[in-house]
Every structure is written in C-alpha cells, then in structure tokens.
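*Asks:* Can you read through this structure? Questions will come right after.
2 protein chains.
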Amino acid sequence: MSLITVGTMAFDAIETPFGKINQIVGGSATYVAYAASHFVKPVQQISIVGDDFPKEEMEEMKKRGVEMEGVEIVPDKKSFFWSGRYHEDMNSRDTLITDLNVLADFDPTIPESYQGAEFLMLGNLAPKIQLNVIQELKKRPKLIVMDTMNFWMEIAMAELKIVLKYVDMLMVNDAEARQLTGQFSLVKAAKSIMEMGPKFLIIKKGEHGALLFHGDQVFFAPALPLEEVFDPTGAGDTFAGGFMGHLAATNDISFENMKRAIIVGSAMASFCVEKFGPTRLKEITRKDIDIRIHQFKDLVSFDIELI
Amino acid sequence: MSLITVGTMAFDAIETPFGKINQIVGGSATYVAYAASHFVKPVQQISIVGDDFPKEEMEEMKKRGVEMEGVEIVPDKKSFFWSGRYHEDMNSRDTLITDLNVLADFDPTIPESYQGAEFLMLGNLAPKIQLNVIQELKKRPKLIVMDTMNFWMEIAMAELKIVLKYVDMLMVNDAEARQLTGQFSLVKAAKSIMEMGPKFLIIKKGEHGALLFHGDQVFFAPALPLEEVFDPTGAGDTFAGGFMGHLAATNDISFENMKRAIIVGSAMASFCVEKFGPTRLKEITRKDIDIRIHQFKDLVSFDIELI
C-alpha cells in the first residue's frame, strides 16, 4: 500500500534546556516520512522547499523509499524556517521566528504517479491547501488523516470545519481539541469532534500519552517514561508517521489495528525526542523499534483474570 | 490479612465548577477505609475526631468491617475541617480554610488488637507521627506505604527523610516527587526517591494516570477518560485504599500483584470523583468495581504479537 504525506520540509533552530542547534532539517512531512518509511514503501511526499534544502537529505529519504516527485524545489528561494525555545517542562515552547519563505506560495499538485494511494496524511497546513489535496485525488483514499493547529482555528475556522467533513480521522493535541470544541473534558471534546465529521480521533497528550476515540470505543496509549526528553520537536509528526506507516503496511484500518498503530507511533515518537531533529529516526533499526514496542507492552500489561 | 490505616477523619467544604457543598465527611483515612473495605476486612482505623463527627458515619464504617478502636473521640472539640475550591482544570485547587482543631493534638497509639497487622497505610500526616506509628508496632508489617505532601517537605524535610528509610513504598503526586528530589524528569525523580529508602514508588498524575516503579521495572496505569470529574477530593486516598485493599486481600506484594492493585486503586478513584466526598464509595457494589476494572483492561489492551 502507498501513503501520501503532505506537509512542510524545513529548517529548524531549536533551543532546549539541554542544548541548542542553529540549523537542522525539520518540517512535518520530513518527520512523517522518516518515521513511516520504517514500515511502508513507497511514502509519497508532497511538499515545497527552496534550493537551500540539502540534496543529501533528499537522497537519504529516497534511499528509504520516499518518493520526491511531489516535492517542488523553488529556485532562488529559501525553505521554510522555524525557530523555537522549549521551557523546562518540555510541553510548552516559545516560537522565536517563523519565516514562511517558499511556504507562502505552497499550492501542491498531485503527481500522476501518486494517484491511487490508499492512505493520506495531511500535515498541519492551511485548511484550504488540505482540501485542495483531497479534491485533487481521483480515487478517495481508504483513510484520510489530518493534523491542524490553534492558528487555523483562529483565522480559518470555517474552512477547517469544511475539511473536517472530508477526513476520516483528526489528530490533534489536547489543547487543540479543547479549543476546537470549547469543551474542557476530552471525552466531551471527542464526542463533539466526531460530530463534525471524522469517525476517528486521536488526542495527543505529549508525555501523558495519546487517546484514540471511535464511536463509544476508547483506547489509551501511554508515553514511555523517559529519563530525558532531549528535544520534543517533531514528536507529534513522528507519531503520525509511525501510525500511518503501520496502517499502510498492514492495510487494515480496523479499530484493533489502530490500537497497534498508535503504539507504533508512540514508540517512534519516543525515539524522536532522544536527539535533535529527526536524527534518531535515521539511526534506528527495525530491531530497535521492536524492542521499544515490547517495552510499551510491558509498561501497561497486567493480568486481570486473577483479580 | 489486616490493614492498618492512619490518617485524618474530617469535615470538608468543597466548591467545584459543578457545584458546592458546605459540609461532607472527608479525611484521608475515611477515603482509604471506604475504598479498602470493599476488598479486605478488617480495616483498622487510626485517627482522631471531635465529638461533632457523625456517629452514623462511624456505624456505617463499622458495618463495612472498619474497626474504630484506634479512633480517638475528643469531647468538646471539633473535627479537622478543610475547605477548598477547584479550578476548571480540576487538577489545581485553592485551600480556603484549614482548621486543625483536634488534629493539632493527634498523637496516635496503637490498640493492642491492631498489633500484628500485615499492611500499614500511613496517610499524609506530620512525619513525626508517621514514624511514631511505625515504632509502636511490635511486629513490622509486611508492607508499609506512606503518603506525604509539599507542606512537610517545606517544614520537616529532615524528619520526612528519616521516615522514608522505614517504609517500603512512597505514594506521592508528580509535583511532590519533583519537589522531594529537585528532578524534573519523573524517571530520574523515581531513581532518586528509591535511593532514599523506599524500594517501591507510586507517582500519581491525576487525570494522566499513575506510575509504579521498583528497581528498573516500571508500570503505567491510565486514568479512565471521564466525561466529567465532579469532585476530585479524596481521589488520591481512594486510590491508596483500593491499592492497599487489594494487596491485603491477596496477601501478595509481588510487582505483578502490585500492577493489579494499582488498577484496582485507579478504578476506585474513578468512582470517587463522580460525586461529592466519599458518596460513590458507599454506593458501589463489587460488581460495579469488576465492570470498571475491565474497562481499564479494555482501555490499554492491544495485541502486539501481530506487529
């Protein structure tokens, strides 16, 4: 099965209590691709970069089965740049700089070779762009998942609500779920979001794990308790990449399989935060991932029958 | 097996976004007893009250197998009184009034009939009192668990650290674990606390669940995602009561059984928050509890073998 992932490819500058890096590749689609390509090939990338984006990074992704035909390279322009500083709790951060650069003109077209993909991951972008992508696909994917953020709720809520009607799953964090619905209780927020369109919902709670909702069903995936979160940048997108990678690889969108996928996503995210940027996602092997997934199993397994 | 529980029996006045109650019974030992008595008899209560504490409440507890010989009733004095107001997130609250009343003179003695108890739950009290109780026991219990709070870290840290050397498990919330150790990472805080004495540690994270640590082992119990947390007062003590009740009933302090106990505690806490005070703990049946425990199982169960 193939997976289309739409999002940013960027440069980040990151400062955490543990260190600082002035330039490293980032962007939602970069993280999704590095995570998903551990499970499924091809990953069909849709993004836009300037001619400053490293050719070696593109080659590295291609080697991993990431197709680049949908990545527009704009000559004489710069790639999207984000700079941020994390607070000690690592759950909050200040954005220092956002230079849209090429992203200001992002108007993705779907390469013919991508048509027919069964899985679509819409990264956090303007709702209008997300909708365009859905409408450009000749055959509706089996599963369309979208991310979004508070920014779009503030300036484009009406458009966002339209896109929600076209997708199968929304994947947001707890603050975003609350803002979207005006409900403090995540259970109430979930019900409200599922009435807006998506039949499935994932609410990410960072170090507190993630919740998967579908109708009256709910599943909780913990985050692995880590000694150190070195850099949380990209953890949410990496989670999405692992989640979609597993679903696409198994071609099974049952609730049971989504449970597995959310654990895979959580495992990938737990690697992501160990070093700056997507560094760890490039280092790890399938065996590392399997060991990590079993740690998640051990973390929550208990034998209830004896009670 | 018998369980001694030491702590407060009190009156509370509670205000939440959902309602207000001017007087309801509360206190750590009250919640522990109501929760634990669903699983084990006798629960041997050690506390102090004024003559205003309702006789019917004492009778209700006795009917449930809670022994009252260790509860001192001080004539012409008032019971401990606490009043608080919860914020919308229900994770934070303002204490409005704390009237120690009889608690100012609490110097518990252990009734002869309690001697030989295998399980001891030391509620949040002055470390000096906690230590006295341990030293008054002629035979060391099989498992000693203690709670504490930031207040004692601020005014009696040296004494608190002495008590820690005598107990098997510390049970605190995340903020308290951080304050006790100066470590932000809960994994690092856990290691540091286990070097202070306790071989086991539970870190409660409220709506985000609880972590159990022992050596290099870690287990995570989620909190049940609830539509509404009506009143969180006593949830932590109810958790402790369910945890100790299960351990005492099964007389098994293995890590595997502690996992079950932490799920039992989480289930009991999920009932506690549904109504004001300990109301729900008196209403529920063993069948309600079993159903709730299975909801926890469903919440986190996934079949990893297929990955």
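Protein chains in written order, with our numbering: chain G, 1 to 307; chain B, 1001 to 1307. For every residue, glycine included, the Cβ atom is placed at its ideal position computed from N, Cα and C. Just so we're clear, the structure is a prediction, and the values are computed from it rather than from any experiment.
Within the 9 Å Cβ cut-off, does G/A248 reach chain B?
*Replies:* no
*Asks:* Could you tell me which chain G residues have their CB closer than 8 Å to the CB of B/L1226, listed as they occur along the chain?
*Replies:* S185, V187
*Asks:* Mapping the DSSP letters down to three states, classify G/R178 as helix, strand or coil.
*Replies:* Secondary structure at G/R178: helix, using DSSP grouped into helix, strand and coil.
*Asks:* In terms of alpha-carbon separation, which member of B/T1098, B/I1144, B/E1136 lies closest to B/L1122?
*Replies:* The shortest C-alpha separation from B/L1122 is found at B/I1144.
*Asks:* Looking at the C-beta of B/K1020, does it have a partner C-beta in chain G at a distance below 9 Å?
*Replies:* no
*Asks:* Would you mind sorting G/I307 into buried or exposed? The rule is 16 or more other CB atoms within 10 Å of its CB.
*Replies:* Residue confidence is low: G/I307 scores 47 on pLDDT, short of 50, so the model does not pin down where it sits. No coordinate-derived value is stated.
*Asks:* With DSSP as the reference, label B/E1118 as helix, strand or coil.
*Replies:* coil
*Asks:* Mind checking who B/F1219 pairs with in its DSSP beta bridge?
*Replies:* B/L1212
*Asks:* Starting from B/M1171, follow its DSSP beta bridges and name the residues at the other end.
*Replies:* B/D1147, B/I1202
*Asks:* So, do the region 160–178 of chain G and the region 269–284 of chain G have three or more beta carbon pairs nearer to each other than 8 Å?
*Replies:* Three or more Cβ pairs closer than 8 Å define a contact, and the region 160–178 of chain G falls short of that threshold against the region 269–284 of chain G.
*Asks:* Please list, in chain order, the residues of the region 1155–1178 of chain B that have any C-beta partner in chain G closer than 7 Å.
*Replies:* none
*Asks:* Note down, in chain order, all residues in the region 204–220 of chain G with a beta-carbon under 9 Å from any beta-carbon belonging to chain B.
*Replies:* K205, E207, H208, G209, L211, F213, Q217, V218, F219, F220
*Asks:* Can you round the beta-carbon distance between B/A1190 and B/F1213 to whole angstroms, since I take them to be within the 8 Å contact cut?
*Replies:* 4 Å
*Asks:* Give me the Cα-Cα distance between G/A13 and G/G26, rounded to the nearest whole angstrom.
*Replies:* 9 Å
*Asks:* Distance, Cα to Cα, G/G197 vs G/L164?
*Replies:* Using only the alpha carbons, I get a separation of about 5 Å.
*Asks:* Is there at least one Cβ from chain G nearer than 9 Å to B/I1291's Cβ?
*Replies:* no
*Asks:* In this structure, does DSSP put G/R378 in helix, strand or coil?
*Replies:* This structure does not reach residue 378 of chain G, given that chain G is present from 1 up to 307, and the question cannot be answered.
*Asks:* Does the structure place the region 1068–1076 of chain B close enough to the region 1039–1046 of chain B that three or more beta carbon pairs sit under 8 Å?
*Replies:* yes
*Asks:* Count the C-beta pairs between the region 1048–1056 of chain B and the region 1249–1268 of chain B that are closer than 8 Å, then say yes if the count reaches three, no if not.
*Replies:* no
*Asks:* So what does G/D99 bridge to, in DSSP terms?
*Replies:* For G/D99, which the question treats as bridged, DSSP gives the partners G/F81.
*Asks:* Could you check how far apart the C-beta atoms of B/N1091 and B/E1207 are, in whole angstroms? I think they sit under 8 Å.
*Replies:* 7 Å
*Asks:* Sorted by chain position, which residues of the same chain lie with C-beta nearer than 6 Å to G/Y86's C-beta, five sequence neighbours on each side aside?
*Replies:* T16, R93
*Asks:* How many angstroms separate the CA atom of B/L1201 from the CA atom of G/G7?
*Replies:* 42 Å
*Asks:* In the DSSP assignment, find the unbroken beta strand (DSSP E) run with G/Q44 in it and report its ends.
*Replies:* Bounds of the beta strand (DSSP E) holding G/Q44 are 43–50.
*Asks:* Does the beta-carbon of B/G1116 have 16 or more other beta-carbons within 10 angstroms, so that it is buried, or is it exposed?
*Replies:* exposed
*Asks:* Using beta carbons (cut-off 9 Å, strictly below), is G/I263 in contact with chain B?
*Replies:* yes
*Asks:* I'd like the list of long-range same chain contacts for B/L1224, defined as Cβ closer than 8 Å, with 5 residues on each side in sequence excluded.
*Replies:* Beyond the five residues adjoining it in sequence on each side, B/L1224 comes within less than 8 Å, by CB distance, of S1266, A1267, S1270, R1292, Q1295, F1296, L1299 in the same chain, given in chain order.
*Asks:* According to DSSP, simplified to helix, strand and coil, what is B/I1307?
*Replies:* Caution applies to B/I1307, whose pLDDT of 47 falls short of 50 and renders its modelled position unreliable; the model cannot decide the point.
*Asks:* Closer than 8 Å, Cβ to Cβ, to anything on chain G: give me those residues from the region 1014–1046 of chain B, in chain order.
*Replies:* none
*Asks:* Listing by chain order, which chain G residues have their CB less than 9 Å from the CB of B/E1088?
*Replies:* F184
*Asks:* List, in order along the chain, the chain B residues whose C-beta lies closer than 7 Å to that of G/L310?
*Replies:* Residue 310 of chain G lies beyond the stretch modelled for chain G, which goes from 1 to 307, so this question has no answer here.
*Asks:* If you follow the beta strand (DSSP E) that G/D107 is in, where does it begin and where does it stop?
*Replies:* First-last for G/D107: undefined, no H or E at that position.
*Asks:* Which parts of the region 1241–1303 of chain B are runs of the alpha helix (DSSP H), unbroken and 4 residues or longer, counting only runs that do not cross its ends?
*Replies:* Note on the region 1241–1303 of chain B: whole alpha helix (DSSP H) runs with a minimum of 4 residues are 1255–1272, 1279–1283, 1286–1300, in chain order.
*Asks:* Give a yes or no on whether the C-beta atoms belonging to B/V1032 and B/T1238 are separated by under 9 Å.
*Replies:* yes
*Asks:* Find the residues of chain G that neighbour B/L1299, judging by a C-beta separation of less than 8 Å, and give them in chain order.
*Replies:* V218, F219, F220
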